[in-house]
Structures are given as structure tokens and as C-alpha cells.
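Using the numbering used here, read the sequence shown as starting at 16 and increasing by one per residue. Each residue gets a CB set at the ideal place from its N, CA and C atoms; glycine is no exception. Below: one structure, written as C-alpha cells.
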Amino acid sequence: MADKTADNTTTAGGRDAGPTAPASGKGPDRTAVTQPQLGFIGMCRWAWRQLTTMRVALILLLVLALASIPGSLLPQRIQDPGRVNTFLDENGAWGGFLDAIGMFDVYSSIWFSAVYLLLMISLVGCIVPRAGQHWKAMRSAPPKGPRRLGRMPGYVAFTSAEVEDGELTDEEFLDAAQARLKKLGYRTSRYGDHVAAERGYLRETGNLVFHIAVLMTTLTMAIGSLFGYEGQRVLVEGDTFTNSLVAYDSFDPGTYYDPDNLPQFRLTLDDFEATFDDQALGNQFGQPRTFEAQVTSTVDGKSKTETLKVNEPIRVADTGIYLTGNGYAPEVTVRDATGKVVRSGPQVFIPANGDPGYTSEGAIKVPDAAGEQMGFVGVLLPTATQNEQGDLVSNFAELRNPYLVMSGYTGDLGLDSGVPQSVYTLDASRMTQMTDASGDPLVIQLVPGETQQLPNGGSVTFDGVKRFIAVDISQDPTQALMFISSALVLIGLGLSLFIPRRRMWVRIKGADVEVAALARGEDPMVERAARELAKDLGSESRDDDDDRER
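So this is what it looks like as C-alpha cells:
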């Protein structure tokens, strides 16, 4: 029996000791592990599991927010095709590349729609299974207590004097503990020598409500963008806006909105008042305090006067009117060389960004002048004064010393080129600047009521200043649903953040009572909950949190 196989040995107990080391001494012969191939179905299941995780849903939400940034920074073709064409002309190949990847049609591009669709699928795939699991958990009984309750993060052990003295039996004590736990909002179950309790299901309910509300909000925004519209219009005091497509300065309809269905109404700007603080010191001097526009809306022949304020829109024919800007519109009358009035009325000047004095810039175009066309670029100073360097500036936003400074040009305004132009700027590339008698550039400086003659025989008169407002006009059929979903977001978030998920057990053996608490997640009050329950159940003898081994 001396011959044994080289592959096996036998232990003293007669059991097979397994393969022996090979004679070469290089260690045991290890066979390479071959993992099974997932295959197409397996890869699809893996991809679905990844897509329906909350981690991926949050990543997609972040990607969607980042994908929206180009739509805010670059002009969009659906809103302002003229600016898009100008951008393409000025940027050449770079503009063509951005156009090729859909940067001027961000919200209707394939890649933005793909991210949006993946986010919807991810949220639905994440919510539905969790909702089913949560429903089962709410209907199931609290789990039995572990053998050693002392290992729980919240633990109190004591001796019940009432049980020890025979005043209560174990069953009666557990009945009292179960009643107390129910009063505290726990669902309870009896398991022989102990009571198991659990509460805080609203925490997971709130979590699900939050994610469902996020899904609702996203879908609501999509529906609103498809079936609603938004437009902008500038109104000077005395102007009347009729809600028709041609009356808008810019108009952004939803994909499935028909402009022929615009609600019929008129809106007249009667008066606009703005107040600024001239009593405060330091940085608060000149800060705006109120913006109030008195408007008259007319629907079906019935007129109504209302006050439009910032963050206090009005509704006309189920359409929201929002005050978004304001400024000054100097009234200028221009006569040509024949003395004919070729331009008269207010012209909107745009306030400079960040200027508390409301220094405003604008352009006046006169295409119908006899001879050459004329154009003017200017600055309106509501409260003109000189700074320390002797330059003209405006030191307050109200009209206390209005002053108009302009330069004049003659030539081709370019209005017939077919390229859209801004009404607030002047393209003087094909024009010649007006000069005075000495050959220097002509500077037109006027206060209300003054007139200055032009070198070509015409004149410019500064008649006065009116106020203007900029309004957003929008119709969103999903506003009520958006309010509901936004409220549910806050409710769900509050429930998921402030309601603890907690399990508790009360066990009795003879007169020895154990109270244990376990948190599902972070709960700094779990130890306190165990102590308070023990106190309620009659713990007056001792607290073994420190001297009982866990």
C-alpha cells in the first residue's frame, strides 16, 4: 500500500485531504476562473438597473441643467432668428459648428430631448419598484426583536417593581407597553415575550412623494412649453397693445400652440411711477423703492383699470402680464432741410446695466428725410450734473434735470438690406457723421423744450420725456398643476427630512425589562426615545446603559 496516487493524500481520520502540491514545488495547480458571458439580454438588464437608480437620476437632472445653459447664453432661432443670423455671419466656422450641433435650437435638439427622455424613464423606473416595496412594507408586521437587544444603539434595562411585586403579570405589562407605543404612533405586534413596534413610514412616503412631484414638475414644464406661449412688448405711456402676433416685439410659441388662438384683449399703459430713495446714505442712496404701472385692460368691450407691480402680475383673459423692466423714452421731433417733420414722438432708451443714475442709451432713425437718411445716437441723463473730472453724468434716477446728448449721421441706414436691426442701436458703417462749422463732430446737447439746428438745414427738438415699461405676456395652461407639483415637492422633502424611521422592542423576563430602539437611517434621538419609553413604563430602579454588558 506504499503506492499512493500523486494527486491525493489521506488524513489520519481517513478523509481525503485534497490535491497535493505538484512535484515541481510551484504551489497548487489553480484553474483560471471563467466568468459567464452576460449576453445581449444580460447587458440590457444591467443597463436598466443602472438607469433606474437614484444616483443616475440625479446625474441626469444635473446634465439636463447643464444642457440648458447654452439656451440661455446663445440666441435661439425660435425666439430671435435675426440675432442667430447675425451671430453666424460674425463667427464664421465657429458659428457653423455651433449650428450643426444644435446650439441655436437647444430645447428642440436631439441630444437635449434624449437627456430629457432618459430622465423621465429613470424617474419612472426608480419610483414604481420603490412604491411597490413601500406598499408591502407598510402592510407587513414589525419584525421580531433580535436575541440580544443590548446591541441596539438605544438600550435601557430595568426591573419593573409592579411585576416584581406581583401587581402586574408579564402579559399585562406587555399590554401596557403595546398601548403606550400605539399612543406614540407606532404600529405594533406581539411575539411571545416581547412587543415589536415600528413607525416613520411617512419618511419613505415623503421620499416617494418628492420624486413623483419632481417627475410631475418636469412633465408639467414640458407640457407648458408645448402648449403655451410667451412674448415681450415695450409700452410707452399712452401706448395700447392689442394681443396679436404682429404686436409683439418678440414671440415664443410652444411647439403645438397656434398663434391664431391668441386671446383677444387690449392693454393700455396709462401711467408709470417709480420712486427712488434720496434720503438714505452710502450705497442705499438712489435705490429703487417702488415701480407701479397703471394699466387699463379691455376684454369683450369691458375695461378695467389695474396696478401692475414687480412680482405682482395681473391676469387678463387667462393671460399673465408681468412687469420686467422700465426706463425713459425721450420725445424728439426731427425736421429735414425742407422744414418738414419727418420724425416725432418718444423713442425708447435702454438704461445702462448697473448704473443707479439710469443713464440711458438709444438711437433715433429717420429714413424719410429729404435727401439723405439721418440717424442719431444719444445718451439721456435723467439728473444731469458734472463729476470731479468735469464729465456729464446722472447722479439720480428720477427726472430732476433731464439732459439729452446726441451725435448725428447721414447716409444709408441699411433698413432695406433685409437684415434685421435692433431699434436701440445704429449701424453707422455706411453713414457719415455730422460736423459743425469748424469741421468737428457735431454734438447735440438739449434740455426739454430746446431746438438745435443741423448742418444740412434740418433741426432737432427735445420735447420731453415719457416713461416706458417692458412686460412679459405669457399663457401657461399648466400653472395650477405646476403649483400643485411644487407644493408636493416641498411636502415630500419635509416629510423625508424631518420624520425619523424607527423600530422599538420591549421584552420582559420575569421582572427584568429591556427596551431597545433602532433607527432606519440617521436619528440622533434614538437613545433618548429608548430612555423616555423606559421611563414611561415605570423605570425607577436603575438604568443599565452604562453597567450592563451589551
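Can you say whether residue i is buried or exposed, counting buried as having 16 or more other CB atoms within 10 angstroms of its CB?
| i | result |
| --- | --- |
| Thr67 | buried |
| Ala549 | buried |
| Ser265 | exposed |
| Ser409 | buried |
| Asp22 | Confidence in Asp22 is poor, its pLDDT being 44 and thus under 50, which makes the residue's placement too unreliable to answer from. |
| Asn258 | buried |
| Met540 | exposed |
| Ala295 | exposed |
| Leu419 | buried |
| Lys481 | buried |
| Glu219 | buried |
| Ala172 | buried |
| Val475 | buried |
| Ile56 | exposed |
| Leu552 | buried |
| Arg522 | buried |
| Ala192 | buried |
| Gln490 | buried |
Could you say which of the options lies nearest to residue i if we only look at CA atoms?
| i | options | result |
| --- | --- | --- |
| Pro417 | Leu396, Ser128 and Glu307 | Leu396 |
| Leu282 | Ser318, Gln294 and Phe306 | Ser318 |
| Ala352 | Pro361, Thr493, Asn341 and Val381 | Val381 |
| Met69 | Leu113, Leu223, Arg214 and Asp190 | Leu223 |
| Ala452 | Pro515, Pro470, Asn341 and Gly429 | Pro470 |
| Thr334 | Val357, Gln279 and Gln302 | Gln279 |
| Pro268 | Ile93, Ala332 and Thr313 | Ile93 |
| Glu346 | Ala228, Asp208, Asp114 and Glu465 | Glu465 |
| Glu537 | Pro515, Glu288 and Tyr343 | Pro515 |
| Asp114 | Gly86, Tyr131, Leu338 and Asp293 | Gly86 |
| Pro361 | Arg350, Asp431, Ala344 and Asn368 | Ala344 |
| Asp478 | Arg358, Asp315 and Phe411 | Arg358 |
| Gly221 | Ser511, Arg546, Ile523 and Leu552 | Ser511 |
| Thr311 | Ala289, Asp254, Val434 and Ala152 | Asp254 |
| Leu414 | Glu288, Leu53 and Pro161 | Glu288 |
| Tyr337 | Gly354, Ala308, Ile365 and Phe364 | Ala308 |
| Cys141 | Ala72, Val314, Thr322 and Lys198 | Ala72 |
| Gln468 | Arg535, Arg145 and Val349 | Val349 |
| Ala146 | Gln490, Ser444 and Ile227 | Ile227 |
| Gly509 | Ala176, Phe225 and Val130 | Phe225 |
Would the beta-carbon of residue i fall within 8 Å of that of residue j?
| i | j | result |
| --- | --- | --- |
| Tyr424 | Thr447 | yes |
| Tyr271 | Phe242 | yes |
| Leu533 | Met167 | yes |
| Ser422 | Val462 | no |
| Val139 | Phe119 | no |
| Leu428 | Thr235 | no |
| Glu276 | Phe306 | The question names Glu, but residue 276 in the sequence shown is Asn. Their beta carbons are not under 8 Å apart, which means Asn276 does not touch Phe306 by this criterion. |
| Ala212 | Arg543 | no |
| Gly390 | Ala399 | no |
| Val210 | Leu183 | no |
| Ala531 | Gly169 | yes |
| Met153 | Tyr244 | no |
| Glu133 | Leu75 | A small correction: the amino acid at residue 133 is Leu; Glu does not occupy that position in the sequence shown. Cβ distance < 8 Å, so Leu133 and Leu75 count as in contact. |
| Gly246 | Ile488 | yes |
What residue range does the beta strand (DSSP E) around residue i cover?
| i | result |
| --- | --- |
| Tyr244 | Tyr244 to Val251 |
| Phe391 | Gln388 to Leu396 |
| Met446 | Met446 to Gln448 |
| Lys481 | Ser474 to Gln490 |
| Val381 | Ser375 to Val381 |
| Arg213 | Note that residue 213 is Glu in the sequence shown, not Arg. Taken as a continuous stretch (DSSP letters only), the beta strand (DSSP E) holding Glu213 covers His209 to Arg214. |
| Val420 | Tyr418 to Gly426 |
| Lys319 | Lys317 to Lys324 |
| Gln460 | Ile459 to Leu461 |
| Arg518 | Arg517 to Lys524 |
| Asn368 | Element bounds for Asn368: n/a, residue is neither H nor E. |
| Phe291 | Arg281 to Phe291 |
| Val310 | Pro303 to Val314 |
| Tyr263 | It is not in any beta strand (DSSP E) - Tyr263 carries neither H nor E in the DSSP assignment. |
Starting from residue i and walking both ways along the alpha helix (DSSP H), at which residues does that stretch end?
| i | result |
| --- | --- |
| Leu75 | Met69 to Leu88 |
| Phe55 | Gly54 to Leu66 |
| Gly147 | Ile125 to Arg154 |
| Met497 | Gln494 to Phe513 |
| Lys198 | Asp185 to Lys198 |
| Val178 | Ala176 to Glu179 |
| Ala544 | Val541 to Asp551 |
Any beta-carbon of chain D closer than 8 Å to the one on residue i?
| i | result |
| --- | --- |
| Val229 | This model lacks chain D altogether; it includes just one protein chain. |
*Can at least three beta-carbon pairs, one atom from the stretch 80 to 91 and one from the stretch 116 to 128, be found at a separation below 8 Å?*
yes
*Check whether the stretch 198 to 209 touches the stretch 148 to 165, taking contact to mean three or more Cβ pairs, one atom from each stretch, closer than 8 Å.*
yes
*Using 8 Å as the Cβ pair cut-off and three pairs as the minimum, do the stretch 502 to 510 and the stretch 367 to 374 touch?*
no
*With contact counted as at least three CB pairs below 8 Å, one residue from each stretch, are the stretch 525 to 532 and the stretch 237 to 255 in contact?*
no
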